[in-house]
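Scroll down for the structure; my scribbles are underneath it.
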Amino acid sequence: MLDKQKYSEIIFKLLEINPHFKRIIDSKNLKYYYEPACNWKPDSKNFPYKENLKSRIIDNIKKVYDIETAYLVKKYFDSNFCAETGSHISIPRSQDKVGKNISVNRNINTLIFQGTILSAAKNINNENKIHFSMGTSRVYLNNANSAAYIQFDKDDGCVRLVSNRWKDTPQIYIPSFELSGILNLKMQATNFIRKKYANKVDELQNGIKNIEKIFAFFEEVSTKENAENKNNLTFSEQISKVNSFLFNEILSQTGLKHVSIDYEKISWDFLIELLEDKKSITYKIFSDKKLRDKFLNIFSEIQTGWQSGQLPFDEVIEKNGIKKLFPLIASEIENSESDLFIEKILENLRENRIIPKGVLQFFLFMIEGGLLPLGGMNQSIYCTKIRDLSIHFLQNDLGEHERAAALKKLPSEIMNISLSWGIMKGTNDLLCYSDFLEKEIKLNKSHMHSILNIPGEDALNLSIPSLCEFLLQENFDPLFENQFIQQIKEKGNILQL
Numbered sequence: 010m011l012d013k014q015k016y017s018e019i020i021f022k023l024l025e026i027n028p029h030f031k032r033i034i035d036s037k038n039l040k041y042y043y044e045p046a047c048n049w050k051p052d053s054k055n056f057p058y059k060e061n062l063k064s065r066i067i068d069n070i071k072k073v074y075d076i077e078t079a080y081l082v083k084k085y086f087d088s089n090f091c092a093e094t095g096s097h098i099s100i101p102r103s104q105d106k107v108g109k110n111i112s113v114n115r116n117i118n119t120l121i122f123q124g125t126i127l128s129a130a131k132n133i134n135n136e137n138k139i140h141f142s143m144g145t146s147r148v149y150l151n152n153a154n155s156a157a158y159i160q161f162d163k164d165d166g167c168v169r170l171v172s173n174r175w176k177d178t179p180q181i182y183i184p185s186f187e188l189s190g191i192l193n194l195k196m197q198a199t200n201f202i203r204k205k206y207a208n209k210v211d212e213l214q215n216g217i218k219n220i221e222k223i224f225a226f227f228e229e230v231s232t233k234e235n236a237e238n239k240n241n242l243t244f245s246e247q248i249s250k251v252n253s254f255l256f257n258e259i260l261s262q263t264g265l266k267h268v269s270i271d272y273e274k275i276s277w278d279f280l281i282e283l284l285e286d287k288k289s290i291t292y293k294i295f296s297d298k299k300l301r302d303k304f305l306n307i308f309s310e311i312q313t314g315w316q317s318g319q320l321p322f323d324e325v326i327e328k329n330g331i332k333k334l335f336p337l338i339a340s341e342i343e344n345s346e347s348d349l350f351i352e353k354i355l356e357n358l359r360e361n362r363i364i365p366k367g368v369l370q371f372f373l374f375m376i377e378g379g380l381l382p383l384g385g386m387n388q389s390i391y392c393t394k395i396r397d398l399s400i401h402f403l404q405n406d407l408g409e410h411e412r413a414a415a416l417k418k419l420p421s422e423i424m425n426i427s428l429s430w431g432i433m434k435g436t437n438d439l440l441c442y443s444d445f446l447e448k449e450i451k452l453n454k455s456h457m458h459s460i461l462n463i464p465g466e467d468a469l470n471l472s473i474p475s476l477c478e479f480l481l482q483e484n485f486d487p488l489f490e491n492q493f494i495q496q497i498k499e500k501g502n503i504l505q506l
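So the numbering used here is basically just the index in the sequence shown, starting at one, shifted up by 9.
Now the structure itself:
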């Protein structure tokens with residue numbers, strides 16, 4: 010029998026950290042949970058820069074993908090201006106760190122993998138069958154969820170994509186990878202597989218097939234040496250496209266198309282546009298010192314943002330060819346006259362000497378652009394805090410009551426990465442990227458509909474071992490975990506593949 014008191018204590022602790030989990034628990038199924046997000050369609054009157062933001066996103070998709078993909082995303086935006094924003098610019102993998110022995114049920118990359126599939130599933134009834142994802146490339150390469158490694162086989166089958174020289178560098182500043190480097194890594198991966206499965210014919214054939222398929226994606230987006238191509242992709246754009254290729258392999262029988270881009274440069278250019286437009290809320294805030302000081306104070310101390318005494322930007326410092334980010338302290342820029350302050354900020358933004366912090370980026374996306382970001386357990390907290398503080402700021406300091414009322418309807422509490430939907434058949438292990446590599450599992454339309462029919466409480470419960478590890482920093486007793494997951498399986502709602 011499951012210890013119900015122990016379960017209640019865990020849920021209580023998780024709700025203390027993120028009260029938005031309650032919305033999941035109370036949802037009869039995931040389709041019902043995601044309905045407000047799938048129906049989010051901001052109006053241009055209260056979100057006057059919606060089309061400007063859309064245009065910047067579409068232009069980036071044209072560059073990274075093609076005109077047809079850009080058209081499909083544009084059509085999708087016409088009915089639902091929503092993006093999955095919880096996963097960093099990354100390559101799917103099953104480990105937090107390569108070589109780190111961690112249970113698949115307590116691994117943030119497992120949650121991200123299942124969360125991405127879940128986010129795609131919510132769009133199965135969308136006419137254009139698009140799943141749109143925007144990730145940040147601001148994170149360092151040594152982050153648990155990054156593009157540091159290419160996983161081509163289960164468990165230990167990985168090669169390092171980028172030199173250790175860049176491990177402490179935000180991915181936006183890492184040079185594009187070249188074809189020769191990818192071919193060298195492919196050879197390393199092939200040698201690894203041949204040695205590992207020397208006496209196992211089926212595993213060897215499957216391993217070689219995976220390598221050919223995965224590295225073909227990297228070869229396609231590689232920078233070709235000596236090629237006069239001004240449209241070469243940046244590192245983060247390369248990774249975004251590979252991310253799409255890999256997830257589209259898994260989703261190939263669903264009719265869904267996963268499209269992933271990096272939102273960093275988009276947010277920088279969007280901020281410049283807003284600071285140049287005297288009608289924007291952003292200009293009004295930054296051009297009035299009293300408003301600016303109040304804004305900086307009210308929105309300080311939020312995760313991914315700034316602390317008291319800092320400006321809402323990171324300064325880009327380069328040393329020995331390596332770029333790093335440091336908080337921008339209020340200095341002579343902050344003490345400038347309003348017009349001069351904005352001009353200095355614009356100058357530094359145009360020269361890429363400063364970039365906006367995460368809180369400012371989401372403020373721009375939500376308040377000015379009307380975009381609904383759907384992230385993970387942490388993002389649902391800070392995006393909702395940004396929304397709620399913005400509502401009060403719009404009402405009390407700017408007199409924008411109608412815009413505040415419209416913003417209040419934005420359902421930022423909804424999240425993707427925190428919920429799970431599937432178990433490997435015959436085990437109590439969450440399905441992870443390794444399983445799809447090893448078993449060549451393909452999801453189909455029926456699977457997507459089944460995922461949406463899972464009760465919210467079951468989907469959250471399946472993730473509790475990971476949430477305890479990630480949010481509570483508590484070890485989950487293995488015996489209790491097995492009893493717990495077994496009970497969820499017996500209800501028959503989750504997928505077992």
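We put the CB at the ideal spot given by N, CA and C, even for glycine. Note that the structure is predicted; figures quoted are calculated from it, not measured.
Residue i CB to nearest heavy atom of the ligand ADP below 7 angstroms
i: D211; result: Judged by which ligands are present, the structure shown has none, so any question about the ligand ADP falls away.
Chain-order list of residues whose beta-carbon lies under 7 angstroms from that of residue i (same chain, five-residue window excluded)
i: F86; result: K63
i: N219; result: F161, D162 and L446
i: Q262; result: K451, L452 and N453
Rounded straight-line distance, which links the Cα of residue j to that of residue i
i: G4; j: N55; result: The structure shown does not extend to residue 4, since the chain is modelled only from 10 through 506, so no value can be given for it.
i: L23; j: F30; result: 8 angstroms
i: K266; j: N257; result: 6 angstroms
i: E282; j: G379; result: 16 angstroms
i: F226; j: L488; result: 41 angstroms
i: I117; j: D105; result: 7 angstroms
i: S36; j: H458; result: 16 angstroms
i: S309; j: S317; result: 6 angstroms
i: G166; j: S443; result: 10 angstroms
i: I98; j: V325; result: 19 angstroms
i: R412; j: L398; result: 13 angstroms
i: G465; j: L242; result: 39 angstroms
i: I275; j: C91; result: 16 angstroms
i: I494; j: I139; result: 32 angstroms
i: R32; j: L469; result: 11 angstroms
i: G408; j: N193; result: 60 angstroms
i: Q388; j: N154; result: 15 angstroms
i: N132; j: I463; result: 15 angstroms
Integer-rounded CB distance, given that residue j should sit under 8 angstroms from residue i
i: Q160; j: G431; result: 19 angstroms between Cβ atoms; not a contact.
i: T436; j: G367; result: Going by Cβ atoms, the distance from T436 to G367 rounds to 37 angstroms, so no, they are not a contact pair.
i: G216; j: Y206; result: 6 angstroms
i: Y158; j: R102; result: 6 angstroms
i: L280; j: L373; result: 6 angstroms
i: N27; j: I390; result: 6 angstroms
i: G95; j: I426; result: 4 angstroms
i: P382; j: M375; result: 7 angstroms
Reference residue i, options the options, closest by Cα
i: S185; options: K233, A225, D162 and I342; result: K233
i: I70; options: E246, N200, G330 and L506; result: E246
i: T119; options: I364, P474, S296 and S172; result: P474
i: A339; options: I376, R301 and V210; result: R301
i: E483; options: I19, E93, P336 and D12; result: I19
i: N306; options: S289, K72, K328 and I395; result: I395
i: N137; options: A156, K83 and Q319; result: K83
i: F244; options: E273, Y182 and G264; result: Y182
i: G264; options: E409, W175, K451 and I376; result: K451
i: E360; options: Y391, S429 and D278; result: D278
i: S289; options: A153, P57, W315 and Y16; result: P57
i: N134; options: K454, E409, V230 and K250; result: K454
i: D75; options: K250, K434 and K287; result: K250
i: A507; options: S17, L358 and L260; result: No statement about residue 507 is possible, as the shown extent of the chain runs from 10 to 506 and does not include it.
i: D52; options: I503, E377, A153 and K222; result: E377
i: I126; options: N502, L471, N61 and H456; result: H456
i: R362; options: K328, Q370, L369 and D323; result: D323
i: M424; options: V73, Q14, I121 and Q214; result: I121
i: L170; options: F224, R203 and L213; result: F224
i: E25; options: K287, L480 and N357; result: L480
Minimum Cβ-Cβ distance from residue i to chain B less than 8 angstroms
i: P464; result: The structure shown contains no chain B; it is built from a single protein chain.
Contact set for residue i: own chain, Cβ-Cβ below 6 angstroms, skip 5 residues either direction
i: N491; result: N437
i: I248; result: I98 and A156
i: S142; result: E93 and S269
i: S421; result: C392, T393 and R396
i: E478; result: R115
i: Q505; result: I432 and K434
i: N357; result: I363
Proximal residues to residue i (C-beta, below 8 angstroms), its chain only, five neighbours per side dropped
i: D177; result: Y149, L150, N151, I331 and K333
i: E60; result: S53
Inset, instruction - May I ask you to verify whether the region 192-202 touches the region 155-175, counting CB pairs closer than 8 angstroms and requiring at least 3? - result: In short, these stretches touch, since the Cβ pair count reaches three.
Legend entry - Validate contact between the region 26-44 and the region 397-408 using beta carbons, cut 8 angstroms, 3 pairs: Segments in contact, no.
Inset, instruction - Specify whether the region 278-296 and the region 346-360 touch according to this definition: at least 3 beta carbon pairs, one from each stretch, less than 8 angstroms apart. - result: Touching, yes, given that three or more Cβ pairs across the two stretches are closer than 8 angstroms.
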